[in-house]
Structure formats: structure tokens, C-alpha cells
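Trainee:
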Amino acid sequence: MNSRILFFTTFFAGSLAAQQPQPTSPPGQDTSLAARLERAERLLQLLREQVNQQAAARVEPRSGNHVEVSGLVLVNGFFNNARVNNSDVPQIVLPPDATVNLPTSHGGATARQSQVALTATVPEFAGGAFHGELDLDFFGGQQPSPGGRTWPLVRLRRVRAEIEWPHGWVMFGQEAPPIAEINPSSLAQIGLVGFARSGNLWLWLPQVRAGAEVGSTVKIGVEGSALAPTAGDPQGVGVLFTQPDRAERSRRPHLEGRLRIRWDEPESSGEISLGSHYGWLAKGVDTLVVSRAVVASARFTATQYLELRGEVFTGQALAGLGGGGIGQNLGPGIVPVRSRGGWAQLNLRPHPAIEVGGGYGLDDPDDADLDPATALLRNLSWEGHVQWRPAPLVLGVEFRRIETTYGPAVGALFAHHVNAAAGFEF
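Taking my numbering, the leading residue of the sequence shown gets 38, the next gets one more, and so forth.
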């Protein structure tokens with residue numbers, strides 16, 4: 038671009054100097070061809086200096102690699118007709134609070150599900166290609182302030198550094214469990230992904246992976262990973278110095294492995310995965326409880342207009358994977374809570390910019406492992422959504438019904454959540 042500017046300027050200045058007699062020149066000014074060419078050269082030198090200053094002012098990555106910035110700026114308006122655990126992205130229904138003499142239904146708006154991502158690529162690295170990603174949002178909580186929910190905190194969502202070869206890969210970072218990488222489509226559930234605590238084992242965890250695959254159009258691969266142990270216990274409000282949970286006290290990583298089949302054809306593409314999870318939680322000084330799961334997930338297009346995605350699981354002590362067992366690891370007597378669940382979503386795309394879809398999710402712990410006086414026995418969610426993406430704008434509406442079942446003293450509760458989203462992508 039700089040060379041083209043200089044070429045055009047040189048051509049224009051030379052032509053002007055050679056062809057224009059400049060009859061209105063001030064008295065005494067040298068109008069000879071040599072003088073005009075000298076002035077043109079001074080002008081070119083000035084332009085060169087300005088171009089060099091502009092080039093020096095550009096922000097370049099220190100390594101010289103290709104870096105891109107992308108993101109989603111999103112504002113969500115919401116309404117709930119009952120008490121829920123989180124106003125803008127609810128997961129479960131809470132029993133009414135008799136001590137609060139105020140309406141239970143409520144509404145509001147927030148921009149904290151906006152995202153910013155940095156990606157770095159190196160096409161040739163160690164015989165393969167390198168790809169790195171840093172993904173941030175503003176769902177890290179609320180800063181104590183008179184600004185309420187308009188002062189959210191930045192949160193680190195995902196970090197990914199991956200080296201890919203033609204038939205293998207190595208990755209480290211913070212990412213979803215490999216056995217449950219697929220998530221539902223939603224503009225209302227981004228800070229906490231869709232069907233969390235209703236059958237989706239989603240939580241982003243520090244990990245390292247390695248895998249290999251064979252095939253061309255249809256690829257069959259295996260992958261193994263070691264993940265940071267976590268029990269899913271909250272660290273508390275305003276805590277800076279963290280404390281170990283039961284999983285970290287086991288002094289062992291979580292282990293996962295899966296078999297994956299991927300295909301990409303003109304009329305159909307997708308993947309099917311079958312994996313297992315194995316981890317530990319400290320029960321006593323020298324005793325452990327096992328966390329385990331078997332998970333199947335799938336995402337594929339039946340035609341260019343129709344897509345199906347979903348996940349099913351069965352296991353025990355799975356709160357550390359994003360709220361499996363409705364966030365309950367252990368029951369009375371420190372026994373692991375067994376649970377089964379899953380979710381499915383069907384999406385119709387009559388136009389590349391339009392999506393109409395709906396889904397269902399369920400997490401159903403074993404009642405025998407729980408205390409019915411205090412436990413959550415069942416949680417399910419229904420959702421329907423419409424999205425319109427006339428680039429760069431993003432618009433959507435989503436309706437969700439959440440049903441949470443407690444013990445006999447409370448019974449089944451339900452809530453309706455309505456969410457309208459508007460934003461833009463860059």
C-alpha cells in the first residue's frame with residue numbers, strides 16, 4: 038500500500054510540475070522546470086516521512102505472528118416470573134423466600150455476556166501449525182458498587198494453545214471437558230452455557246490433551262487428556278486466596294479419553310463422540326471417592342437447513358464438570374451421588390442468517406443418594422429460540438421453562454424465563 042501511494046504521488050507531482058505553467062505564481066518565484074521538480078522532491082520526502090511515521094505507529098505482535106481480535110457485543114433484556122438462582126442466566130428454580138415481602142417476578146437488562154477473543158496463528162511450526170486463543174467475557178461477578186449489575190467483572194473463559202499435524206494434535210489450556218465439548222446454540226445462555234445443571238457437563242477446566250486420527254472425508258480419532266481436579270465447590274464471595282477442595286486434596290488429576298468420528302460431505306457434516314471420565318475426591322485423610330462418567334455427544338447436519346446436537350451421560354460425583362447431579366457430589370454418609378441426564382437441540386436454518394430452534398435438558402440424580410429434606414431431586418429445562426444475524430448485527434429472542442423438584446416439603450417448582458438479545462459481532 039505504501040509503495041502504491043508513493044508511486045501515485047510521484048507520478049502526479051511529476052506531471053503537475055512538467056505540465057502546469059502556474060501563471061499565478063508570486064512575483065520573484067522561480068517557475069523553471071528545475072525549480073518545480075525540486076519542490077516536488079521536497080513534497081515527496083515529506084510524504085515519505087509521514088508514511089513511515091504511520092507505519093511505525095501500528096500495533097504489531099512482538100513475535101510477528103498473525104494475531105486477530107474478534108468479539109461479540111451483546112445486550113440481554115430478561116424477565117423471570119419466579120425466584121431463580123441467577124436473574125439473567127437462570128439454571129434452577131428456588132423456593133419462595135417468605136422473609137422478603139416483594140414480588141418474585143422481576144426483569145432487567147445486562148451487557149455482561151459480551152465477549153472478546155484474541156487468536157494467534159503460525160502456519161508452520163514444528164512440522165505442523167500452531168493456533169492459540171484467549172477468550173474473555175464480563176461474567177466474572179459484580180463489583181461492589183452503586184452501579185449494580187452495570188459494573189461486571191472480567192472473566193477468563195477459555196485459553197487454548199494447540200499444535201496440529203495432518204493426523205495428530207497436542208493442546209494445553211483451559212477448555213471444556215473433551216468428552217462434552219458440544220454446547221447448544223443460544224444468545225441468552227453464554228456466560229453459563231445452555232442446559233447447565235440440566236444435563237450439560239460443560240465447565241472450562243485447565244487441561245492438557247493429545248490425540249490422533251486417520252481418514253480423509255470420514256476421520257476416526259482417539260484423544261486422551263489430564264484435567265485439573267475440581268469438585269465444583271464455590272470459593273466464596275470476594276475471595277482472593279483460594280483453598281483446596283475435595284478433588285484437589287485427592288492429589289490426582291481427572292483423566293478423560295474418547296473416541297471421535299468426524300465427517301464432512303456436501304450435504305452432511307458433523308461428529309459423534311463416546312468418552313469416559315475418571316477422577317477422585319478426598320473422603321478422609323487416606324480414603325477417596327471416585328468421580329466417573331460415560332458420555333456420548335453428537336452434532337450433525339441432516340441437510341443444509343437442519344442441525345441436531347446433544348449429549349447424554351451417566352455417572353457419579355460430577356458437580357466438578359459443570360454441575361452434574363445438579364451440582365451435588367456427595368450425599369449423606371459421604372456417598373457419591375449417582376446421576377444421569379443429557380440434552381438435545383434441533384435447529385432449523387431456512388436462511389444462512391436465520392435460525393429457529395428448540396431443545397430439552399434433564400439432570401436426574403438418584404434419590405437414594407440424597408437427603409430429601411435438603412436436596413435437589415430433578416432439574417429440567419425446555420427452550421425455544423429465534424436468531425437473526427444480518428451481519429454485523431445479532432438479534433435473538435429465547436423462551437425457557439425451568440422445572441426443579443425438591444423433597445416432599447417443597448415439591449416441584451417452575452419458572453419461565455424470557456430473554457431478548459441485541460448486539461453486533463466484529
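Using N, Cα and C, we set each Cβ at its ideal position, and we do this for glycine too.
Taking three-plus beta-carbon pairs below 8 Å as touching, is the stretch 261 to 279 in contact with the stretch 356 to 376?
Mentor: Flag = yes, the stretch 261 to 279 and the stretch 356 to 376 touch.
Trainee: Enumerated in chain order, which unbroken segments of the alpha helix (DSSP H) with a length of 4 residues or greater are wholly contained in the stretch 357 to 435?
Mentor: You should have found no qualifying run.
Trainee: At which residues does the alpha helix (DSSP H) containing residue 285 begin and terminate?
Mentor: Run containing residue 285: 283 to 286, per the alpha helix (DSSP H) assignment.
Trainee: Looking at residue 130 and residue 441, is the spacing between their C-beta atoms short of 8 Å?
Mentor: Yes, Cβ-Cβ distance for residue 441 and residue 130 is below 8 Å.
Trainee: For residue 167 and residue 139, I'd like the C-alpha separation in whole angstroms.
Mentor: Near 55 Å, if we compare the C-alpha coordinates of residue 139 and residue 167.
Trainee: Helix or strand or just coil, what does DSSP make of residue 84?
Mentor: Residue 84 falls in the helix class under three-state DSSP.
Trainee: Where does residue 416 land, buried or exposed, given buried means 16+ other C-beta within 10 angstroms?
Mentor: Buried, by the Cβ-count rule.
Trainee: Please list the terminal residues of the continuous beta strand (DSSP E) segment that includes residue 315.
Mentor: Note, residue 315: beta strand (DSSP E), 306 to 319.
Trainee: Pick from 113, 141 and 220: whose alpha carbon is nearest that of residue 345?
Mentor: If we check each option's Cα against that of residue 345, 220 comes out closest.
Trainee: What does the Cβ neighbour count give for residue 182, buried or exposed, with the cut at 16 atoms within 10 Å?
Mentor: So residue 182 ends up on the exposed side.
Trainee: What distance in whole Å lies between the Cβ atoms of residue 341 and residue 392, which are believed to be in contact at a cut-off of 8 Å?
Mentor: Actually they are not in contact, since the Cβ atoms of residue 392 and residue 341 sit about 13 Å apart, beyond 8 Å.
Trainee: Which of the three DSSP states is assigned to residue 468 in this structure?
Mentor: Here the chain has residues from 38 to 463 only, and residue 468 is not among them.
Trainee: Spatial neighbours of residue 302 within its chain, please: C-beta separation below 8 Å, excluding the five flanking residues on both sides.
Mentor: The residues are 254.
Trainee: If you pair each beta-carbon of the stretch 118 to 137 with each one of the stretch 449 to 463, do three or more pairs fall below 8 Å?
Mentor: Result yes; three or more Cβ-Cβ pairs closer than 8 Å.
Trainee: Which of the three DSSP states is assigned to residue 355 in this structure?
Mentor: In the structure shown, residue 355 sits in coil (DSSP, three-state: anything other than H, G, I, E or B).
Trainee: Which stretch, first to last residue, makes up the beta strand (DSSP E) that contains residue 239?
Mentor: Residue 239 -> no beta strand (DSSP E), and no H or E assigned at all.
Trainee: Count the CB pairs spanning the stretch 249 to 265 and the stretch 135 to 155 that are closer than 8 Å, and state whether there are at least three.
Mentor: These segments do not touch.
Trainee: Near residue 239, which residues of its chain fall below 7 Å by C-beta distance, leaving aside the five closest residues on each side in sequence?
Mentor: Contacts found: 213, 217, 220, 230, 233 and 359.
Trainee: Would you mind reading off the limits of the beta strand (DSSP E) that contains residue 112?
Mentor: Start and end: 103 to 117.
Trainee: Is the separation between the beta-carbon of residue 350 and that of residue 329 shorter than 8 Å?
Mentor: Not closer than 8 Å, so no.
Trainee: Would you check if the distance between the CB atom of residue 203 and the CB atom of residue 149 is smaller than 8 Å?
Mentor: No, they are not a contact pair.
Trainee: Could you tell me which residues DSSP puts in a beta bridge with residue 461?
Mentor: 110 and 430.
Trainee: Using only alpha-carbon positions, find the residue among 141, 211, 305 and 165 that is nearest to residue 173.
Mentor: Ranking the options by Cα distance to residue 173, first place goes to 211.
Trainee: How many angstroms separate the CA atom of residue 399 from the CA atom of residue 362?
Mentor: So the two alpha carbons sit approximately 10 Å from each other.
Trainee: Output the distance between the C-alpha atoms of residue 86 and residue 78, rounded to the nearest integer angstrom.
Mentor: Near 12 Å, if we compare the C-alpha coordinates of residue 78 and residue 86.
Trainee: Helix, strand or coil for residue 227 per DSSP?
Mentor: If DSSP states are grouped into helix, strand and coil, residue 227 belongs with coil.
Trainee: Provide the residue span of the beta strand (DSSP E) that contains residue 330, from first to last.
Mentor: It spans 325 to 338 - the beta strand (DSSP E) in which residue 330 sits, taken as one unbroken run.
Trainee: Pick helix, strand or coil for residue 75, following the three-state DSSP scheme.
Mentor: Helix, per DSSP.
Trainee: Can residue 154 be considered in contact with the ligand FAD, in the sense that its beta carbon sits closer than 7 Å to one or more heavy atoms?
Mentor: This structure simply doesn't include the ligand FAD, nor any ligand for that matter.
Trainee: So if DSSP puts residue 210 in a beta bridge, which residue, or which two residues, is it bridged to?
Mentor: According to DSSP, residue 210 bridges with 197 and 244.
Trainee: Would the beta-carbon of residue 337 fall within 8 Å of that of residue 307?
Mentor: Yes.
Trainee: Below 8 Å on the Cβ atoms is my guess for residue 373 versus residue 327; work out the distance and round it to an integer in Å.
Mentor: Rounded, the Cβ-Cβ distance is 7 Å, consistent with contact.
Trainee: My assumption, with CB atoms under 8 Å, is that residue 343 sits in contact with residue 385. Please give the rounded CB distance.
Mentor: Yes, they are in contact, since the Cβ atoms of residue 343 and residue 385 sit about 6 Å apart, within 8 Å.
Trainee: Return yes when the Cβ of residue 452 is within less than 8 Å of the Cβ of residue 118, no when it is not.
Mentor: Contact flag set, yes.
Trainee: So for residue 123, helix, strand or coil by DSSP?
Mentor: Residue state, collapsed to three classes: coil.
Trainee: Would you please state the rounded distance, in angstroms, between the beta carbons of residue 309 and residue 284? I believe it to be under 8 Å.
Mentor: Actually they do not touch by this definition, with Cβ atoms about 29 Å apart.
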